[in-house]
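Student: Protein chains in written order, with my numbering: chain A, 385 to 1147; chain B, 21 to 140. Think of the CB as a built atom: it goes at the ideal place given N, C-alpha and C, for glycine as much as any other residue.
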């Protein structure tokens, strides 16, 4: 179906011109790369529908509200639209997977923005509404639309307490999110990517603030939006810089220039481009993907409904930063030193460890999953930083499934136990009648997150870990990530052993209206269950998930196991994901990687060496793991670390636990040093307090000072100007007696005075 | 005809019999006196009709001065202007008396000091 679409060369430096359809317009790149663009007909319209179907869904969902079409109609519209979009994505994937490395299809919709400021190269700004389809796009769109469809089905049951206007509002934003995400991922130029980038930010804001009557949710929504603005500003500057240097924001024209290292005029690039552009792009990526210094918005974003946390704040939107870096990877490798990638690696590793320590001491299971998402995003960034785009993308792919599973399990618990999320007030949920599928899925998700051998998470985490040890100078990143892997296994199974197994005990959350009095520490209200759980007897009955939640969670658990299988297809190219990445612009031979030549980089094919040192460093300079080949031993090492983490979690939280509130770890907390550290981690290392003191408070003070200046100085001046005539008028008004004769005297006297003056002056 | 010729023969500044001893200044004095009477009447009296009549007096004082100057300069512009003034004064008198009647109907008095709404 995609045969008529335009073919253009992506990264193929020095590649031969591809056969062009008649009437094709040559897009000669500065580096001698000839590309061909064919205006697309027919088939690309179907590709545009991948993005437009959710937009249509949003419009239809919005219509259901004024038309009073009750029930779950918005959910079915969403599920249907996203299923169709997923079907189209699969078709698109089959079209894209036939392409050779470095090739992409471009589907032109229409010219969205175009203006000309001069006649020279780079004086024409064009941003079409068009899609750039290569295997990286295809990879992301497969899980965006697929997971979107499944999670919409889940949400149809999860949000049922809000059927009506709230239900429609939820699904409007949900559809709008998928549309924005599709624009972000499929855009054929950076400006359309930016539109999607801002769109997902807006939808994230709308959905975090879904429970708008709850002050915490509103504050969290604002925090997410404002923190993201900071990063987005950097991204916008980056896009403008790219246009300024390369004279284009369209991928099809940009990538040949990046590959050739030439600017808009065909001159070699200035040295600053190699680090300024990546640094600005990274700024945007850090904001959206919640990396260090920007991550504070993501834990608070857990105030949103759980399907939103699963789709937006775990599986898709927060990986946009990874996508951006992977998509623009040629810009990151412009510089010989690539110190921006070093920064990405360092920041990723520190973020991973930092948020893992916080996750260990939290009690709210959804918040633990939030911190774990930040930690796993740190892994992905570290993967990008140590030059394994494959590993990063593979981890994004596997993480999307298992973290969605985990979130949806937590959501089911929250839904069933009246908003209870405190792991000290729930125990043995798996053994409650009707919770079998949720419990089993949770185990699968936890095993994946902990990196248990032969799970998908195990393989993707391994790829990154091993590469960190191989890439020269990044060994410390590897050690930090290895430590984090152990902590991850511990906090993941802490949740599992506390909440899902052990003696059956549960206390409802605050959403259970009959028990508000005796629940001091429960999660605050997020559902509005309409009454009755049989409170008359004082007995709380959790309501087990029904078919929609069960089937979606089950399917996701199966998928997160199945994702492991993709590692074993195409072994020469590091699995299915590796093949997809290798064929896209993100293709990059990581140091020491024996790439099979699927990607288009001639250097790595010829030498298989470290591009970071420009071919000077050979395999001898590559790092090892204590003298062994990291790729060979990391399977065993990380499996061991994961097992230790799980074992510690079992000892501290699983073994011999009799009640929900107490566990073996409590004894450990009597040690003052442990208690101190635990307290720090529980309070999130006081980062929010520090931010409040360093940023919020000074701004608050400044705002009030300026408010005073406005009130006293500016308003004072204006009021003085107003007061002067008022005072004068007050003095003069007494002259107006209102008596006709008085006015006549004044007038006659005045005229007489003037006449006298004239007479005296003329004489 | 003969009279007009005689008047033309008299020349500027001279008046025919029986007022031949009268000069422009006499006329201007009468005019000023009339005007002053009008002003004094307007300022001192409260009766609206009297006040209105005083304004008419001032009108006629101005008209007299115009006529006098017209004759003095042997030019018809002043006389023609007085005709217009008289016409306007007639129209204005009709309207002003109507207003006075309306004001009287409101307060049952002709006292002008009863109308002080514009006091500051």
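Please classify residue 1016/A as buried or exposed, where buried requires at least 16 other C-beta atoms within 10 Å of its C-beta.
Tutor: Along the first chain, read from residue 1 onward, the residue named residue 1016/A stands at position 632. With fewer than 16 other Cβ atoms within 10 Å, it is exposed.
Student: Under 8 Å between C-beta atoms, does residue 101/B make it to chain A?
Tutor: Sequence index remark: in the second chain, residue 101/B carries index 81 (1-based). Not one chain A Cβ lies under 8 Å of residue 101/B.
Student: Quick check on the burial criterion: 16 or more other C-beta atoms within 10 angstroms. Buried or exposed for residue 53/B?
Tutor: Position 33 of the second chain, counted from the start, is the residue given in the question as residue 53/B. The residue is exposed, with fewer than 16 neighbouring Cβ atoms inside 10 Å.
Student: Looking at chain A, which residues of the segment 43-69 of chain B have a Cβ within less than 9 Å of any of its Cβ atoms?
Tutor: The segment 43-69 of chain B vs chain A, Cβ under 9 Å: 59, 62, 63, 64, 65, 66, 68.
Student: How long is the line joining the alpha carbons of residue 595/A and residue 1013/A, rounded to whole angstroms?
Tutor: Residue mapping note: residue 595/A aligns to position 211 of the first chain, counting from 1. Residue mapping note: residue 1013/A aligns to position 629 of the first chain, counting from 1. Cα to Cα, residue 595/A sits roughly 51 Å from residue 1013/A.
Student: 8 Å is my cut-off, CB to CB: does residue 1103/A come that close to chain B?
Tutor: For this step, residue 1103/A is matched to residue 719 along the first chain. It does not: the Cβ of residue 1103/A has no partner Cβ on chain B nearer than 8 Å.
Student: Residue 133/B touches chain A at which residues, Cβ-Cβ below 8 Å?
Tutor: Counted from its first residue, the second chain places residue 133/B at position 113. Those are 1123, 1124, 1125, listed as they occur along chain A.
Student: In the structure shown, what three-state DSSP assignment does residue 135/B receive?
Tutor: If you number the second chain from 1, residue 135/B lands on position 115. Correct three-state label for residue 135/B: coil.
Student: Could you please give the first and the last residue of the uninterrupted beta strand (DSSP E) stretch that includes residue 490/A?
Tutor: Here the question's residue 490/A lines up with position 106 in the first chain. Unbroken beta strand (DSSP E) run through residue 490/A: 487-500.
Student: Would you list, in sequence order, the uninterrupted alpha helix (DSSP H) runs of no fewer than 4 residues that lie entirely inside the segment 636-680 of chain A?
Tutor: Listed in chain order, they are 657-672.
Student: Which value, in whole angstroms, describes the spacing of the CA atoms of residue 88/B and residue 75/B?
Tutor: Counting from one through the second chain, the residue named residue 88/B turns up at place 68. Counting from one through the second chain, the residue named residue 75/B turns up at place 55. Roughly 20 Å between the two C-alpha positions.
Student: Could you compute how far the alpha carbon of residue 702/A sits from the alpha carbon of residue 1107/A?
Tutor: Numbered from its first residue, the first chain carries residue 702/A at position 318. Numbered from its first residue, the first chain carries residue 1107/A at position 723. Taking the straight line from one Cα to the other gives about 57 Å.
Student: Would residue 675/A be called buried (16 or more neighbouring beta carbons within 10 Å of its own) or exposed?
Tutor: Translated into the one-based positions of the first chain, residue 675/A becomes position 291. Buried: at least 16 other Cβ atoms inside 10 Å.
Student: Whose CA, out of 974/A, 1074/A, 529/A, lies closest to the CA of residue 700/A?
Tutor: On the first chain, residue 700/A is found 316 positions in, with the first residue counted as 1. For the residues 974/A, 1074/A, 529/A, the minimum Cα distance to residue 700/A belongs to 529/A.
Student: Relative to the alpha-carbon of residue 945/A, which residue among 766/A, 560/A, 671/A, 788/A has its alpha-carbon at the smallest distance?
Tutor: Here residue 945/A is taken as the residue at index 561 of the first chain, counted from 1. Closest by alpha carbon: 788/A.
Student: Strictly below 7 Å CB to CB, what residues from chain A border residue 139/B?
Tutor: The residue you call residue 139/B lines up with position 119 of the second chain. Near residue 139/B (Cβ distances below 7 Å), the residues of chain A are 1120, 1121, 1122.
Student: On the three-state DSSP scale, how would you describe residue 368/A?
Tutor: The displayed coordinates of chain A run from 385 to 1147. Any statement about residue 368/A would go beyond what the structure contains.
Student: Identify the contact partners of residue 1117/A in chain B, using a Cβ-Cβ distance below 7 Å as the criterion.
Tutor: Here residue 1117/A refers to the residue found at position 733 of the first chain. Under the 7 Å cutoff, chain B gives 140.
Student: Just how far apart, CA to CA, sit residue 431/A and residue 784/A?
Tutor: Start at 1 with the first residue of the first chain, and residue 431/A comes out as number 47. Start at 1 with the first residue of the first chain, and residue 784/A comes out as number 400. Near 23 Å, if we compare the C-alpha coordinates of residue 784/A and residue 431/A.
Student: With a threshold of 8 Å between beta carbons, is residue 136/B in contact with chain A?
Tutor: Within the second chain, the letter at position 116 stands for residue 136/B. Chain A contact via Cβ: present.
Student: From residue 1062/A to residue 1074/A, what distance separates their C-alpha atoms?
Tutor: Taking the first residue of the first chain as position 1, residue 1062/A is located at position 678. Taking the first residue of the first chain as position 1, residue 1074/A is located at position 690. Whole-angstrom Cα-Cα distance: 18 Å.
Student: According to DSSP, is residue 1047/A part of a helix, a strand, or is it coil?
Tutor: Along the first chain, read from residue 1 onward, the residue named residue 1047/A stands at position 663. Note: residue 1047/A maps to coil in three-state DSSP.
Student: Let me know the secondary structure DSSP gives residue 516/A once reduced to three states.
Tutor: Counted from its first residue, the first chain places residue 516/A at position 132. Correct three-state label for residue 516/A: strand.
Student: Verify whether the separation of the beta carbon atoms of residue 610/A and residue 834/A is less than 8 Å.
Tutor: As a working mapping, residue 610/A is identified with position 226 in the first chain. As a working mapping, residue 834/A is identified with position 450 in the first chain. Not in contact: residue 610/A and residue 834/A (Cβ atoms no closer than 8 Å).
Student: In the DSSP output, what is residue 511/A paired with across the bridge?
Tutor: Taking the first chain and counting its residues from 1, the one referred to as residue 511/A is at position 127. Partner(s): 497/A.
Student: Is the segment 653-669 of chain A touching the segment 520-527 of chain A, taking contact as three or more C-beta pairs under 8 Å?
Tutor: Not touching, per the Cβ criterion.
Student: Sort 552/A, 873/A, 649/A by Cα distance to residue 504/A and report the nearest one.
Tutor: One-based indexing of the first chain puts residue 504/A at position 120. For the residues 552/A, 873/A, 649/A, the minimum Cα distance to residue 504/A belongs to 649/A.
Student: Let me know if residue 1099/A comes out buried or exposed under the rule of 16 or more other beta-carbons within 10 Å of its beta-carbon.
Tutor: Position 715 of the first chain, counting from 1, holds the residue named residue 1099/A. Exposed.
Student: Round the Cβ separation of residue 870/A and residue 770/A to the nearest angstrom and send it over; I've been treating them as touching at under 8 Å.
Tutor: Taking the first residue of the first chain as position 1, residue 870/A is located at position 486. Taking the first residue of the first chain as position 1, residue 770/A is located at position 386. That pair is no contact at about 19 Å.
Student: Under 6 Å Cβ to Cβ from residue 968/A, same chain only, skipping five residues before and after it: list those, please.
Tutor: The sequence position of residue 968/A within the first chain is 584, counting from 1. Only 518, 519, 520 meet the Cβ criterion.
Student: Suppose you measure from the CA of residue 744/A to the CA of residue 545/A; what does that come to, to the nearest Å?
Tutor: Counting from one through the first chain, the residue named residue 744/A turns up at place 360. Counting from one through the first chain, the residue named residue 545/A turns up at place 161. Spanning the two alpha carbons is a distance of roughly 32 Å.
Student: If you draw a straight line from the C-alpha of residue 828/A to the C-alpha of residue 501/A, how long is it?
Tutor: Locating residue 828/A in the first chain gives position 444, where the first residue counts as 1. Locating residue 501/A in the first chain gives position 117, where the first residue counts as 1. In a straight line, the C-alpha of residue 828/A is about 57 Å away from that of residue 501/A.
Student: Only counting runs of 4 or more residues, tell me where the alpha helix (DSSP H) segments fall wholly within the segment 797-826 of chain A, in order along the chain.
Tutor: Fully enclosed alpha helix (DSSP H) runs of 4 or longer: not present.
Student: At a cut of 8 Å, does the segment 791-803 of chain A reach the segment 841-858 of chain A through at least three beta carbon pairs?
Tutor: Contact fails: fewer than three Cβ-Cβ distances are below 8 Å.
Student: Give me the Cα-Cα distance between residue 581/A and residue 673/A, rounded to the nearest whole angstrom.
Tutor: In the first chain, counting from the first residue as 1, residue 581/A sits at position 197. In the first chain, counting from the first residue as 1, residue 673/A sits at position 289. C-alpha separation (whole angstroms): 11 Å.
Student: Would you call the segment 634-643 of chain A and the segment 685-693 of chain A in contact, with 3 or more CB pairs under 8 Å?
Tutor: Cβ pair count under 8 Å is below three, so no.
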